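Contents: one structure, followed by commentary.
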Ligand SMILES: NC(=O)c1ccc[n+]([C@@H]2O[C@H](COP(=O)([O-])OP(=O)(O)OC[C@H]3O[C@@H](n4cnc5c(N)ncnc54)[C@H](O)[C@@H]3O)[C@@H](O)[C@H]2O)c1
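Residue numbers (this note's numbering): 31 to 336.
As structure tokens, this is what we get:
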């Protein structure tokens with residue numbers, strides 16, 4: 031998993047998951063461009079990486095605009111001479127039910143996650159294609175994007191869009207030997223600590239206590255350090271040939287997501303009338319229907335997956 035000689039950009043790496051990714055990539059030998067809108071957090075991240083013997087510089091700018099994406103890539107090239115890895119991780123939440131969601135909140139979330147991923151990956155792809163030595167792009171999804179989630183119109187849309195873009199880019203960049211994968215993480219961070227059901231779990235984690243098995247397994251919740259090894263593997267030469275995948279990780283769980291498989295199929299000569307659909311629905315389609323939303327067992331559940 032050695033990354034010596036490689037150069038990585040991690041957006042939103044001042045804290046939380048991004049910070050864990052930047053630290054783990056640097057510990058594996060990569061030189062890292064840290065990015066965040068929070069200047070103090072970005073500087074702390076660089077200091078932590080440097081104190082641990084790694085190499086990092088900070089770019090303080092919001093992802094979304096093309097100018098930030100270009101600055102990230104030019105900093106990697108000017109400071110470290112090249113680019114090998116981009117982890118497009120920066121994100122915000124502005125949760126509201128649909129009928130209370132303001133335009134500005136929708137635009138902020140789409141602008142950071144969806145547009146931010148688009149502009150940074152585009153800038154990285156241009157550089158990686160020019161370099162001609164392949165590369166690694168990791169973008170970040172969410173269970174909300176895979177299943178939908180109450181109160182998360184903008185976030186679910188952005189994260190589902192990130193997966194769709196990554197599947198597309200894995201095709202477009204295959205010839206340049208640039209892999210593009212989605213990590214669907216779950217971890218206790220500032221983002222999850224605000225979810226009421228996880229308040230006690232987050233406090234226990236902060237105190238350094240071991241988390242219950244149901245939390246680490248079915249809820250796939252641990253710390254950011256449980257997610258970072260997947261990023262290191264995807265950044266490494268060891269993951270060559272793995273592309274276009276959406277991989278879930280968190281706590282003790284590692285999983286591979288499907289992408290909009292057809293669950294049931296039937297044909298009718300001449301096409302489908304409304305009446306024929308009504309007749310086919312109960313027997314052919316209703317049994318195959320999937321629930322919307324993320325389904326998890328109660329936190330005190332005794333039953334734990336084998
Ligand atoms: N924590 C989880 O369980 C979880 C689950 C699914 C997906 N994710 C995703 O993982 C990523 C990281 O989440 P986290 O839990 O570490 O969140 P976090 O809030 O702890 O960290 C996000 C970081 O991104 C920075 N940021 C926000 N907007 C930015 C912008 N426009 N440009 C640059 N930096 C910006 C913030 O300042 C912060 O440092 C996000 O994309 C999030 O949606 C997290």
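Virtual Cβ for every residue (Gly too), placed ideally from N, Cα, C.
These numbers were taken from a predicted model, which means no experiment stands behind them.
Runs of the beta strand (DSSP E) spanning 3 or more residues and lying entirely within the stretch 63-139 occur at 85-90 and 115-118, in chain order. Taking one beta carbon from each stretch, the stretch 268-279 and the stretch 233-243 have fewer than 3 pairs nearer than 8 Å; the two do not touch. Note: residue 283 is bridge-paired with 280 in the DSSP secondary-structure output. Taking C-alpha positions only, residue 91 is separated from residue 98 by approximately 6 Å. Ranked by Cα distance from residue 250, the options 267, 235, 260 and 284 are led by 284. Sequence-distant Cβ neighbours of residue 58 in its own chain, meaning closer than 7 Å and more than five residues away, are 31, 32, 33 and 262. Rounded to the nearest angstrom, the gap between the Cα atoms of residue 231 and residue 327 is 15 Å.
Around the beta carbon of residue 256, 16 or more other beta carbons sit within 10 angstroms, so the residue counts as buried. 7 Å or more divides the Cβ of residue 117 from the Cβ of residue 76.
Residue 289 counts as exposed, since fewer than 16 other C-beta atoms from the protein chains shown sit within 10 angstroms of its C-beta. When only Cα atoms are considered, residue 298 and residue 307 end up about 10 Å apart. Ligand 1 has no heavy atom closer than 6 Å to the beta-carbon of residue 285. Around the C-beta of residue 220, fewer than 16 other C-beta atoms lie within 10 Å, and the residue is accordingly described as exposed.
Taking 6 Å as the cut-off, the C-beta of residue 215 counts as close to a heavy atom of ligand 1.
C-alpha of residue 329 to C-alpha of residue 305: approximately 44 Å in a straight line.
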